[in-house]
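Respectively, the protein sequence lines represent chains A and C. The numbering of the first sequence is the working numbering, which starts it at 88 and goes up by one. The numbering of the second sequence is the working numbering, which starts it at 154 and goes up by one.
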Amino acid sequence: MINCRDCRERLNDLLEDNFASNEAATRAELRAHLENCADCQRELAVLRAIRDDLRSFGVAETPTDLRAQVRTKLIGEKMPSLKAKAPLFSLCQPRLALSGGALLAACCLLLVVRSSQYQISLSPPPNDASTAPPTMRNFALHDRAFEATPKEDKASGGAGTAKQPKVSAKSPHFAVSPPAIDNPVHRGKQPASRDLVPRAKSHRIFEKSALPIITKGDKSPLSSLPSPKFDAPAKGNNASVAQEKTMAADASVPTPALKTQGSANVEQRGPNESKPVRVGPPKFESVPGFLYRHGTPAPIQGAQSDVGPTLSPGAETKVPLLPSATMGVDTAPNPNVLPPNIMSAKQRGGGFGGSEALSAPPSAAMRSVGPQGPQGLHGPHIMMVRRADYNIAPNTTQTFTLSLVPKQAIELAQVRLTLPDGLQFADAAKDKPETNRIIWRGAAQKDTPIENAVELKAFSNGLKEASLTLENMDGQKLQNKDIVFQVQEPRPTENPKTPPVAEDK
Amino acid sequence: MRLPFLSSNKNLTEAQLLERCRAGDLDAFDDLMARHQQRVFNLCLWLLRDHDAANDAAQETFIRAYRAIGNFRGDCAFSTWLHRIAVNVSGDASTRRRKTPQPLSELATEDSPAPEPAAPLRENPLETLTRNERQRVVRDALNQLSEHHRLVLVLFDIQGYSYEEIAQVLELPIGTVKSRLNRARAALRDKLKLSRELFDA
């Protein structure tokens, strides 16, 4: 028989109807008791009232800046997926890991020095062929040879390939595998699709004594060349193999190795015109999660490189950029997260990408790792660049849907789009360009995005930062959102920009 | 001119967002935060009874979640996992606060803005008054309960979690959760003995 005490103990279960399947009898007994006991009924009613009160509590408003604060704190964090994987040196002890990192850095340093070495050595060299940088000369020759007959090359150098000394300055960053060419001094070689940039002045480094005199119709233009290092003149592919074997044995001596390859390209250049080929920096392969920038790195203001590689305008390089995190839809850039070495907008030459229209403080996502690259080298300028929100080709008109999420409800608000130089409203009068325009008016609801289609026209290449501003009707700024447009030609499938090879006279 | 909503992340499922988070997409994590911040913040607020402390704890919860998101394998709901972190963070904050001596003035003032009661439906003013008074009394009593009891009441009654979900959040057997809830309700009822007349009506 159930008494009041038993019943009180199970009141909560009665309230929630919280009985196990084998407790059906208990439950029936409790209910029976409850029907006859006014006290227990009252207790149950009190308990129910308390529960209902608990359930009727409203929810507190979340602080408006909670997400923004979290984002700010997380922006500098590594990606969780990257963190989850074991880093390269994670298994080592901290000190070892540190030295491993230092080793890696040293390799990068070596790479930069090496790459700069051959690039600056393109200036007129001394006449003595033996003092000319061997890599340079081989580069030029092999570039052509490679372009013409890569297969033949591969077939000819089987033995040489195996013994190829590891002198490649290939950095771990360069995801492009080295071309199938078996030249031991073939440093930083590009694949066949690499642009060939003729350098007018540097042809003098190729002295007649050391370089082929190429004539039209000569199927093996280099075959008659005497190798500077070897007594026997290199004859055909067999000679090349033999030469490379020797070189593999004596890899420490930078030998000017001359490949004997037939080259259709070389033939086209005509007699006595052994134009050296300037080889651009290695091509980078795109890695998911990393951003690349096309074109030459922006010159460093106030620190013009005198040793670093200078890239000719025609050369194309992709500079790996650090993974960037955009600030999100409704999060204002927080200047506090900028690293101390950020250049001011003034230092950078007036805003992002040199755009004059940009006077806003540099956003967190646009920070520079260091104005001169890692280790203070004049290396590839590694910048953290905010991802472009939209792409547009120059001199085209395109419609963009721009969205702004109001953080507050405003009865009557307007959205103003401010455009930088190089971007214009498509329907603006030519003689009367507009820098900003109100593109929306109405009642803004909190967290309900305002979407607007805007037709824009781009004029000049580069990254352009426009801003979308939510204002009240007095023009008072309430909220701002930056939008980055990348104005560039659509990425070509092939390389249409290859400078034409100089024609014969 | 208002165009249909086109923002990328809003239509994604939680699993898709989580996948993006694991790939380092902070925007996706922001979306997850938007979905869960209210419950997480309210849980912290109930546990810590201080708005600023709750804000800090909620932030810390999300930061820890982001850092550990690679470890979240979907054994339970993401919200459950998040609440577990929030409970731990709040517990740590509470312990820390207990160890730090508080100025007497702060202890005396009731400055924690407790959640406002939900807007009552069309009731007569007396009922509204009674209800508001009752809620105030219940809230005060709840705040006097031990942390264990308050936690289980908040999760079950205020946040509306099931026994199973609470068991996952607290990493306890369901039976323990049930008995703890019973004891918590009893403790609350005892605290409210003095104001029984409010509930008898």
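Ideal placement from N, C-alpha and C gives every residue a C-beta, glycine not left out.
Open item on the list: Tell me which residue opens and which closes the beta strand (DSSP E) that A/Ile-612 is part of.
Closed with: A question about residue 612 of chain A goes unanswered here, because the residues of chain A that appear run from 88 up to 592.
Open item on the list: Run through chain C and tell me which residues come within less than 7 angstroms of A/Asp-140, C-beta to C-beta.
Closed with: The sequence position of residue 140 of chain A within the first sequence is 53, counting from 1. At a C-beta separation below 7 angstroms, A/Asp-140 has these neighbours in chain C: Arg-287, Gln-288, Val-291.
- [ ] Would you kindly work out how many angstroms separate the C-alpha atoms of A/Leu-161 and C/Ile-216, rounded to a whole number?
- [x] Here residue 161 of chain A corresponds to residue number 74 of the first sequence, with the count starting at 1. Here residue 216 of chain C corresponds to residue number 63 of the second sequence, with the count starting at 1. When rounded, the distance between both Cα atoms is 7 angstroms.
- [ ] Can you tell me which of the three DSSP states A/Asn-478 falls into?
- [x] Against the first sequence, residue 478 of chain A aligns to sequence position 391. A/Asn-478: strand per DSSP, three-state reduction.
Task: C-alpha gap between C/Glu-286 and A/Arg-158, whole angstroms - done: By 1-based counting over the second sequence, the position of residue 286 of chain C is 133. By 1-based counting over the first sequence, the position of residue 158 of chain A is 71. Rounded to the nearest angstrom, the gap between the Cα atoms of C/Glu-286 and A/Arg-158 is 39 angstroms.
- [ ] Indicate whether the contact test is met: 3 or more Cβ pairs, each with one atom in the segment 221-231 of chain C and one in the segment 205-212 of chain C, closer than 8 angstroms.
- [x] They do not touch, by the three-pair rule.
Task: Interface residues of the segment 196-221 of chain C facing chain A [CB-CB below 7 angstroms] - done: Leu-198, Asn-208, Ala-211, Gln-212, Phe-215, Ile-216, Tyr-219, Arg-220
Task: Environment of C/Ser-315 [buried if 16+ CB atoms lie within 10 Å] - done: The count along the second sequence starts at 1 and reaches residue 315 of chain C at position 162. Per the 10 Å Cβ criterion, exposed.
Task: Interface residues of chain C facing A/Ala-136 [CB-CB closer than 7 angstroms] - done: In the first sequence, counting from the first residue as 1, residue 136 of chain A sits at position 49. The answer, in chain order, is Phe-352.
- [ ] With a threshold of 16 other CB atoms inside 10 Å of the CB of A/Lys-564, please say whether the residue is buried or exposed.
- [x] The count along the first sequence starts at 1 and reaches residue 564 of chain A at position 477. A/Lys-564 is exposed by the Cβ-count criterion.
Task: Test: A/Gln-128 CB closer than 8 angstroms to a CB of chain C - done: Translated into positions along the first sequence, residue 128 of chain A becomes position 41. No, A/Gln-128 does not count as interfacial toward chain C.
Task: When A/Leu-550, A/Gly-145, A/Leu-131, A/Ala-513 are compared against A/Ala-475, the one with the closest alpha-carbon - done: In the first sequence, residue 475 of chain A corresponds to position 388, counting from 1. Checking every option, the nearest Cα to that of A/Ala-475 belongs to A/Leu-550.
- [ ] Using the Cα positions of C/Asp-293 and C/Lys-344, report the straight-line distance between them to the nearest angstrom.
- [x] The count along the second sequence starts at 1 and reaches residue 293 of chain C at position 140. The count along the second sequence starts at 1 and reaches residue 344 of chain C at position 191. Their backbone Cα atoms lie some 9 angstroms apart in a straight line.
Task: For C/Ala-211, three-class secondary structure by DSSP - done: Position 58 of the second sequence, counting from 1, holds the residue named residue 211 of chain C. Note: C/Ala-211 maps to helix in three-state DSSP.
Open item on the list: Using a Cβ-Cβ cutoff of less than 8 angstroms, which residues in the same chain neighbour A/Thr-483 once the five nearest sequence positions on both sides are dropped?
Closed with: Reading the first sequence from its first residue, position 396 is the one you call residue 483 of chain A. Excluding sequence neighbours, A/Thr-483 sits near Lys-544, Ala-545.
TODO: With DSSP collapsed to three states, give me the class of C/Thr-253.
DONE: For the purposes of this step, residue 253 of chain C is taken as residue 100 along the second sequence, with counting starting at 1. In the structure shown, C/Thr-253 sits in coil (DSSP, three-state: anything other than H, G, I, E or B).
Task: Coil, strand or helix - C/Gln-297 by DSSP - done: Counting from one through the second sequence, the residue named residue 297 of chain C turns up at place 144. Note: C/Gln-297 maps to helix in three-state DSSP.
Open item on the list: At the level of alpha carbons, what is the spacing between C/Trp-199 and C/Leu-304?
Closed with: Taking the second sequence and counting its residues from 1, the one referred to as residue 199 of chain C is at position 46. Taking the second sequence and counting its residues from 1, the one referred to as residue 304 of chain C is at position 151. Whole-angstrom Cα-Cα distance: 8 angstroms.
- [ ] Put A/Thr-151 into one of helix, strand or coil per three-state DSSP.
- [x] The residue you call residue 151 of chain A lines up with position 64 of the first sequence. Here A/Thr-151 sits in coil by DSSP.
TODO: Can you give me, in chain order, the residues of the segment 304-331 of chain C that have a beta carbon less than 7 angstroms from any beta carbon in chain A?
DONE: Leu-306, Asp-310, Ile-311, Lys-331
- [ ] Report the rounded CA-to-CA distance for C/Glu-318 versus A/Ala-496, giving the unit in angstroms.
- [x] Position 165 of the second sequence, counted from the first residue, corresponds to residue 318 of chain C. Position 409 of the first sequence, counted from the first residue, corresponds to residue 496 of chain A. C/Glu-318 and A/Ala-496: Cα-Cα distance of roughly 35 angstroms.
Open item on the list: What would DSSP say about C/Thr-283, mapped onto helix, strand or coil?
Closed with: The count along the second sequence starts at 1 and reaches residue 283 of chain C at position 130. It is helical.
TODO: Quick one: give me the first and last residue of the alpha helix (DSSP H) that C/Phe-194 is part of.
DONE: Residue 194 of chain C sits at position 41 when you count from the first residue of the second sequence. Its alpha helix (DSSP H) spans residues 179-201.
TODO: Below 9 angstroms between beta carbons is the criterion; list the residues of the segment 96-118 of chain A that meet it against any residue of chain C, in chain order.
DONE: The segment 96-118 of chain A vs chain C, Cβ under 9 angstroms: Glu-96, Arg-97, Leu-98, Asn-99, Asp-100, Leu-102, Glu-103, Asn-105.
TODO: Check whether the Cβ of A/Ser-143 lies closer than 8 angstroms to any Cβ atom in chain C.
DONE: Residue 143 of chain A sits at position 56 when you count from the first residue of the first sequence. Chain C, which has a Cβ nearer than 8 angstroms to the Cβ of A/Ser-143, makes this yes.
Task: Nearest-angstrom Cβ-Cβ length linking A/Thr-149 and C/Gln-191, presumed shorter than 8 angstroms - done: As a working mapping, residue 149 of chain A is identified with position 62 in the first sequence. As a working mapping, residue 191 of chain C is identified with position 38 in the second sequence. Between C/Gln-191 and A/Thr-149 the Cβ distance is about 5 angstroms, and since that is below 8 angstroms, they are a contact.
- [ ] State the Cα-Cα distance for the pair A/Ser-243 and A/Pro-577, rounded to the nearest angstrom.
- [x] Position 156 of the first sequence, counted from the first residue, corresponds to residue 243 of chain A. Position 490 of the first sequence, counted from the first residue, corresponds to residue 577 of chain A. Caution is warranted here: a pLDDT of 41 is assigned to A/Ser-243, below 50, making its placement in the model unreliable, and the coordinate value is therefore given only provisionally. For A/Ser-243 and A/Pro-577, the gap between their C-alpha atoms comes out near 40 angstroms.
Open item on the list: So that I know if they touch, is there some Cβ in chain C lying closer than 8 angstroms to that of A/Val-571?
Closed with: Here residue 571 of chain A refers to the residue found at position 484 when the first sequence is read from its first residue. No, A/Val-571 does not count as interfacial toward chain C.
Task: According to DSSP, residues forming a beta bridge with C/Asp-310 - done: By 1-based counting over the second sequence, the position of residue 310 of chain C is 157. Bridge partners of C/Asp-310 according to DSSP: none are assigned.
- [ ] Just grab the DSSP bridge partners of A/Thr-484 for me.
- [x] Against the first sequence, residue 484 of chain A aligns to sequence position 397. A/Thr-484 pairs with A/Lys-544.
- [ ] Examine chain A for any beta-carbon lying closer than 8 angstroms to the beta-carbon of C/Gln-169, and answer yes or no.
- [x] Residue numbering aside, residue 169 of chain C sits at position 16 when the second sequence is read from its first letter. Taking Cβ atoms only, chain A never reaches closer than 8 angstroms to C/Gln-169, which makes this a no.
Open item on the list: DSSP three-state label for A/Asp-87, please.
Closed with: Lying before the first or after the last residue shown, residue 87 of chain A is absent from chain A, which here runs from 88 to 592.
Task: Rounded C-alpha distance that separates C/Arg-188 from C/Ala-239 - done: Looking up residue 188 of chain C in the second sequence gives position 35. Looking up residue 239 of chain C in the second sequence gives position 86. If you take the alpha carbons of C/Arg-188 and C/Ala-239, they lie about 15 angstroms apart.
Open item on the list: Counting only Cβ-Cβ distances shorter than 7 angstroms, please list the residues of the segment 480-494 of chain A near chain C, keeping chain order.
Closed with: Thr-488, Ser-490
- [ ] Would you tell me roughly how many angstroms separate the C-alpha atoms of A/Asp-534 and A/Asn-478, rounded to the nearest one?
- [x] For this step, residue 534 of chain A is matched to residue 447 along the first sequence. For this step, residue 478 of chain A is matched to residue 391 along the first sequence. The C-alpha of A/Asp-534 lies about 26 angstroms from the C-alpha of A/Asn-478.
Task: Buried or exposed (CB count within 10 angstroms, at least 16 for buried), A/Asp-140 - done: Locating residue 140 of chain A in the first sequence gives position 53, counting from the first residue. Using a 10 angstroms sphere on the CB of A/Asp-140, the tally of other CB atoms reaches 16 or more, which defines it as buried.
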